[in-house]
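First comes the structure, then the notes that go with it.
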Amino acid sequence: MTVPSSIVVLTGAGVSAESGLSTFRDKDGIWAQVDYREVATPQGFARNPAKVHDFYNWRRRNMANVHPNAAHFALARLEREFRGNFLLVTQNIDELHERAGSQKLIHMHGEHAKALCASCKARRPWREDLSIELACPDCGAVGSMRPDVVWFGEMPYRMDEIYVALSGCNLFVSIGTSGTVYPAAGFVSEARATGAHTVELNLEPSNGCSLFSEARHGPATKMVPEFVDELLSATF
Ligand code: BV8
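Right, here's the structure in full:
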């Protein structure tokens, strides 16, 4: 691998698995317990908002019991010590990357720690439960507060910035994602198109594994620190 000058990293639920957060599509994952159409689509929210609030309130409360792991800390170190351009794009709505020290970070699928008013579109930090009884602090509408997350069929956040970063990177690293959900699952192809070296670090081969120049399989808390050590020693 040549010494990179610009790195884009994409993470998914697998990077938080060893912190104790469930992934989505592993055998005991979230989508094995609840139908995504009922809790992760605008139609599901319109049909039964209380069920969606219960789903996200349960996951948000669980954030109090989990902590960043060695993979999160290794990525924050890479951002600090790498002297080129760096961007971390996460599909995760947990805040473990921030708590490990990552700053150049985009939550393309939104965040647990924010709420959005479906009526006036105001968004704000939010750590308590959401409910249909709540009035929007900005416009006063009752029942329009929702988690500030991107559901299926909704446009992920800051896509322009992400595509600009992908078009300029010469190293793309995908960590802990099954490569199932688009447009994130298409980022490797965007990076390849600009000639970037592409690496998958995942517990097992993802759906898009064959698209990567290089794939290393194992737990993120082992693979990511090792990869970051290698990268930083090669770039000095
Ligand atoms: C959109 C909400 C229009 C937040 C989620 C083509 C182009 C564009 C869109 C589509 C397309 N084809 C289909 C679509 C529609 C759809 C889609 O992709 N459907 C799929 C199912 C086919 N996409 C959308 O609707 C998206 N919006 O398209 O807008 C548009 C069009 C073009 C360009 C821009 C916009 C919106 C998608 C967002 C949906 N929101 N959740 C929340 O509740 O958290 S989805 C959910 O999946 C989460 O966000 C999650 O982050 C995401 C991806 O899942 P993963 O993170 O990969 O998790 P998963 O469990 O699948 O895999 C975990 C991996 O980790 C596994 O591989 C496992 O082996 C590994 N692992 C486990 N343990 C470890 C580990 N690895 C390392 N170490 C370990 N210890």
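Each residue of the sequence shown is one higher than the one before, counting from 430 in the working numbering.
We treat Cβ as the ideally placed atom computed from N, Cα and C, and that holds for glycine.
C-alpha gap between residue i and residue j, whole angstroms
{"i": "E557", "j": "S548", "result": "20 angstroms"}
{"i": "S639", "j": "G597", "result": "22 angstroms"}
{"i": "A692", "j": "W555", "result": "No answer is possible for residue 692: it lies beyond the span of the chain, which begins at 430 and ends at 665."}
{"i": "L450", "j": "N477", "result": "25 angstroms"}
{"i": "S560", "j": "H536", "result": "23 angstroms"}
Near ligand 1: residue i beta-carbon under 7 angstroms from a heavy atom
{"i": "H538", "result": "yes"}
{"i": "F581", "result": "yes"}
{"i": "P648", "result": "yes"}
{"i": "G637", "result": "no"}
{"i": "F453", "result": "yes"}
{"i": "A503", "result": "no"}
{"i": "Q666", "result": "There is simply no residue 666 to check, as the chain begins at 430 and stops at 665 in what is shown."}
Within 8 angstroms, strictly: CB atoms of residue i and residue j
{"i": "M492", "j": "E527", "result": "no"}
{"i": "N631", "j": "P433", "result": "no"}
{"i": "E447", "j": "A649", "result": "yes"}
{"i": "E540", "j": "D577", "result": "yes"}
{"i": "T440", "j": "Q520", "result": "yes"}
{"i": "A620", "j": "V437", "result": "yes"}
Neighbour-count burial assignment, residue i, 16 or more Cβ in a 10 Å radius
{"i": "R587", "result": "exposed"}
{"i": "M652", "result": "buried"}
{"i": "C568", "result": "exposed"}
Residue-chain proximity (residue i, chain C), Cβ-Cβ < 8 angstroms
{"i": "G449", "result": "Reference to chain C is not applicable here, since this structure consists of a single protein chain."}
Could you give the uninterrupted runs of the alpha helix (DSSP H) lying entirely in the region 480-562, keeping only those of 4 residues or more? 499-510 and 525-529
Which whole runs of the alpha helix (DSSP H) in the region 568-647 are 4 residues long or more, in chain order? 588-597 and 616-622
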